[in-house]
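Mapped onto the numbering used here, the consecutive letters of the sequence shown carry residue numbers 7 to 644.
Taking it in order: structure first as structure tokens, then the write-up.
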Amino acid sequence: MVGIERPLGLPHAVQGWVEFTLATPAVFWSGWPILRKFRLSIKNRSLNMYTLIGLGVGLAYFFSLVALFAPNLFPREFREHTGNVGTYFEAAAVIATLVLLGDLLQTRAMGRTSQAINELLRLAPNLAWRVKNDGSEEPVPLQSVVVGDRLRVKPGEKIPVDGSVLEGASHVDESMITGEPVAVTKQTGDKVTAATINGNGALTIRAGKIGSDTLLARIVHMVQAAQRTKAPIQRLADVIAAWFVQIVMGIALMTALVWWFAGPEPRLAYALTNAVAVLIIACPCAVGLATPISMTVAMGRGASMGILFRNAEAIEQMRRIDTLVVDKTGTLTLGKPVFAGIAVADGIAQDEALRLLAGAESRSEHPIAAAIVAGARERGLAAAPATDFSAVNGMGVRATVEGRRVLAGSAVFLQREGIAVGRWRDEAERLRTEGATVVFFSIEEGLTGYASVADPMKATTPAAMAALKDMGIRVVMLTGDSRKTAEAVARKLSIDEVIAEVLPEDKMKHVKALIAGGHKVAMAGDGINDAPALAAADVGIAMGTGTDVAMESAGVTLVKGDLRGIAQAVALSRAAMKNIRQNLFFAFFYNGVGIPIAAGALYPALGLLLSPIVAGAAMTLSSVSVVMNALRLRRLPL
Numbered sequence: 007m008v009g010i011e012r013p014l015g016l017p018h019a020v021q022g023w024v025e026f027t028l029a030t031p032a033v034f035w036s037g038w039p040i041l042r043k044f045r046l047s048i049k050n051r052s053l054n055m056y057t058l059i060g061l062g063v064g065l066a067y068f069f070s071l072v073a074l075f076a077p078n079l080f081p082r083e084f085r086e087h088t089g090n091v092g093t094y095f096e097a098a099a100v101i102a103t104l105v106l107l108g109d110l111l112q113t114r115a116m117g118r119t120s121q122a123i124n125e126l127l128r129l130a131p132n133l134a135w136r137v138k139n140d141g142s143e144e145p146v147p148l149q150s151v152v153v154g155d156r157l158r159v160k161p162g163e164k165i166p167v168d169g170s171v172l173e174g175a176s177h178v179d180e181s182m183i184t185g186e187p188v189a190v191t192k193q194t195g196d197k198v199t200a201a202t203i204n205g206n207g208a209l210t211i212r213a214g215k216i217g218s219d220t221l222l223a224r225i226v227h228m229v230q231a232a233q234r235t236k237a238p239i240q241r242l243a244d245v246i247a248a249w250f251v252q253i254v255m256g257i258a259l260m261t262a263l264v265w266w267f268a269g270p271e272p273r274l275a276y277a278l279t280n281a282v283a284v285l286i287i288a289c290p291c292a293v294g295l296a297t298p299i300s301m302t303v304a305m306g307r308g309a310s311m312g313i314l315f316r317n318a319e320a321i322e323q324m325r326r327i328d329t330l331v332v333d334k335t336g337t338l339t340l341g342k343p344v345f346a347g348i349a350v351a352d353g354i355a356q357d358e359a360l361r362l363l364a365g366a367e368s369r370s371e372h373p374i375a376a377a378i379v380a381g382a383r384e385r386g387l388a389a390a391p392a393t394d395f396s397a398v399n400g401m402g403v404r405a406t407v408e409g410r411r412v413l414a415g416s417a418v419f420l421q422r423e424g425i426a427v428g429r430w431r432d433e434a435e436r437l438r439t440e441g442a443t444v445v446f447f448s449i450e451e452g453l454t455g456y457a458s459v460a461d462p463m464k465a466t467t468p469a470a471m472a473a474l475k476d477m478g479i480r481v482v483m484l485t486g487d488s489r490k491t492a493e494a495v496a497r498k499l500s501i502d503e504v505i506a507e508v509l510p511e512d513k514m515k516h517v518k519a520l521i522a523g524g525h526k527v528a529m530a531g532d533g534i535n536d537a538p539a540l541a542a543a544d545v546g547i548a549m550g551t552g553t554d555v556a557m558e559s560a561g562v563t564l565v566k567g568d569l570r571g572i573a574q575a576v577a578l579s580r581a582a583m584k585n586i587r588q589n590l591f592f593a594f595f596y597n598g599v600g601i602p603i604a605a606g607a608l609y610p611a612l613g614l615l616l617s618p619i620v621a622g623a624a625m626t627l628s629s630v631s632v633v634m635n636a637l638r639l640r641r642l643p644l
């Protein structure tokens, strides 16, 4: 039994003072955070694992204190066979040390999950080169940069703020944000992100977002805020832990009473020792760690892959998803029209027709017009200068290009202008069924043709759809586009259901209808018009390439705008919940086995008792098991 033998071989009085001297700072200085949490649990009437720890450490220390300073207060039953009263200073000190070790492991594990994000913050430059009105540049602290400033980013430097390119062209390494190793080409009009690294070219950018408004700062804020939230399963674990504490305190009391009235001499010493051992080994440290440590590691793992969970509940909900609703433009597709091809009647070369068409469209601000102009530029064709430009809203444009009258727009528009384009109708219909948009044009009323513009599929979308199907998730496309275009995209991707020609304000109604039908629905979108539907879904998923409003309305943000992240988020969610169940098993397994032994169940048959020190070590082992198991999520293949 603990306390009967003198492990240092010193006289009782001397050893007692040595233990008192060494244990007091360990309990009251090093162990002060534990005692403070114990006091708060009593004050707030919120019993938790620190209630048991505080009771165990306090009983062991103050019993020993009285035994050292006033041993005559104890009756004969409390004395050892030598006549001395046993002390338990070493048990109190070791228990406090072991608990602190468990807390340290937890803190380190949680800290590692945010390490990559914190390193990104430190990568942001401290200085920026501001361009003055006369074209010269000056170095200024990053804190003094304001929205609208023109900044110069030299080759090899880090981009200081979020903004857009005004001049120059370069390749930018965005791997710290997107995870993609290939540098991205940036030229006039393209967006750039703070802390990414410029390549060999010089860029002049306009500051768009600074300080806490940058993408990097918002990522860090979302991760930190998410780590402070609790999932429903964690709240349930907290309730279980509170009841468990009360049950254990009852078992400890019963243990003390049984040993007091039925145990061997010295009965009261046995009663105290075994009751303290029960309190210590039953400490639900591992129960308290089981959920938050797995959630925290999962959030860190997701952040490193460009998957940001707004809160812990989003992680838990993702595993239940059976239906994914996706917008088309900007979610399945790039969201940016791209020139696809041109056809023209005999009498003019395609390149010449495209040059003239681009000249007419160059005066238009419509995205489709911009795609045609960009397509001509990619072929090395400069848009011909245009005059007498006019636009008919929603129909088309007319202009004079190098002395020729050029019309471009819908078939109805050209027909109203007296131009027949019927010969192209079947070909145009075929292209529409493939998801393209067709622009008819005429040159000098005698030459007609069409240009096709498409919103290309993201390269990763087919793989994402296949992965979701393998997981048993049904995909529904919800889009405002025409049914033919939407169905063309759906056929390519084997999407289960198409809901097309939906007004922005009606998207939320369709999501609510799916939920009312008993489905667990995730909604993925990128635009302001998607925000209400994202908020209505069980889990809203925003593309990081989309609008801020969409990201604020969603529980999950995919920084790279890559739909494969949804499949990875589902896999991570399922793995995290499985990990939590394993952790709870470890926690309750140790407690379930240890409590009867600590209470003395093996003593009648084997004469075996569990000292408070061994109980403390077992308690810490259970916490270590939980932490190590949770850290496996960092290496999980997704």
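Just so it is clear, CB atoms sit at the ideal spot from N, CA and C, and this is done for glycine as well.
Just so it is clear, the structure is predicted and the values come from calculations on it, not from any experiment.
Would you grab the beta carbon distance between residue i and residue j for me? Rounded to a whole angstrom, and I think it's under 8 Å.
i: A392; j: R411; result: 11 Å between Cβ atoms; not a contact.
i: V527; j: R325; result: Not confirmed; about 14 Å, so no contact.
i: D461; j: T339; result: 4 Å
i: G531; j: L540; result: 6 Å
i: I321; j: A304; result: 6 Å
i: A442; j: V403; result: So it is not a contact: roughly 19 Å between Cβ atoms.
i: V649; j: I586; result: No answer is possible for residue 649: the residues shown for the chain start at 7 and end at 644.
i: A351; j: L453; result: 5 Å
Between the beta-carbon of residue i and the beta-carbon of residue j, is there less than 9 Å?
i: S70; j: F95; result: yes
i: G37; j: Y276; result: no
i: L363; j: A457; result: yes
i: A32; j: T103; result: yes
i: R499; j: I572; result: The question names Arg, but residue 499 in the sequence shown is Leu. No; because the gap between Cβ atoms is not below 9 Å, this pair is not in contact.
i: N132; j: P161; result: no
i: T194; j: G174; result: yes
i: V254; j: V282; result: no
i: R640; j: G306; result: yes
So what's residue i in DSSP terms, helix, strand or just coil?
i: V481; result: strand
i: T191; result: strand
i: R385; result: coil
i: L614; result: coil
i: R641; result: helix
i: A560; result: coil
i: D219; result: helix
i: D357; result: helix
i: A248; result: helix
i: G96; result: The residue you asked about is not Gly; residue 96 is Glu in the sequence shown. DSSP places E96 in helix when its eight states are reduced to three.
i: G162; result: coil
i: V303; result: helix
i: K49; result: helix
i: G154; result: coil
How many Å lie between residue i and residue j at the Cα?
i: A470; j: V198; result: 26 Å
i: G64; j: A98; result: 7 Å
i: K138; j: A201; result: 23 Å
i: A262; j: N280; result: 7 Å
i: L314; j: G561; result: 8 Å
i: L259; j: Y609; result: 18 Å
i: A76; j: L614; result: 30 Å
i: V398; j: F447; result: 14 Å
i: A346; j: A389; result: 17 Å
i: V418; j: T466; result: 36 Å
i: A355; j: I449; result: 12 Å
i: R42; j: W266; result: 31 Å
i: K215; j: R429; result: 50 Å
i: M116; j: R385; result: Residue confidence for M116 is low, a pLDDT of 49 falling below 50, so the modelled location carries little weight and cannot support an answer.
i: S416; j: L437; result: 14 Å
i: F595; j: S628; result: 9 Å
i: D140; j: R158; result: 14 Å
i: G524; j: L221; result: 36 Å
i: P395; j: G546; result: Reading off the sequence shown, one finds Phe at residue 395, where the question assumed Pro. Rounded to the nearest angstrom, the two C-alpha atoms are 44 Å apart.
i: Y67; j: K164; result: 57 Å
i: V633; j: P270; result: 40 Å
i: T210; j: K464; result: 29 Å
i: I374; j: F592; result: 60 Å
i: G341; j: L569; result: 14 Å
i: T119; j: W135; result: Low local confidence applies: a pLDDT of 45 at T119 is under 50, so the model's placement there is unreliable, with the coordinate-based value given in what follows. Using only the alpha carbons, I get a separation of about 33 Å.
Looking at chain D, is there any beta carbon in it that lies within less than 9 Å of the beta carbon of residue i?
i: A392; result: This model lacks chain D altogether; it includes just one protein chain.
With three or more beta-carbon pairs closer than 8 Å as the criterion, would you say the stretch 330-343 touches the stretch 476-495? yes
Using a Cβ distance threshold of 8 Å, determine whether the stretch 296-314 contacts the stretch 563-576, with at least three qualifying pairs required. yes
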